[in-house]
Amino acid sequence: MSAGDTGAPPKTGGQGDAFQRREKANEDFAIRRREKDKLMELRKKIHEQKDHLQKLSDHIDELTREQGGEHN
231 MSAGDTGAPP KTGGQGDAFQ RREKANEDFA IRRREKDKLM ELRKKIHEQK
281 DHLQKLSDHI DELTREQGGE HN
């Protein structure tokens, strides 16, 4: 041992820091999971809106054909 060494672990390591790293990892994981769930919900809503728009477009096309607006 050199002068000044106490044999104690450095202050940047140890069990306290491992606990803090684990807690941060758990928090980060929970945040990523919530964000993923939100993105999945938004994708679902976009898909539903696209389906709805397609149905409206099909309906408009049908009405236009029935009224003789298109020459098919």
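For the sequence shown, the numbering used here gives the first residue as 231, with consecutive numbering after it. For glycine and all other residues, C-beta sits at the position ideal for the given N, C-alpha and C.
- Note on geometry: alpha-carbon atoms of residue 252 and residue 275 lie some 35 Å from one another.
- When secondary structure is reduced to three states using DSSP, residue 298 falls in the coil class, being assigned neither helix nor strand.
- Linking residue 288 to residue 282 through their CA atoms gives a straight-line distance of about 10 Å.
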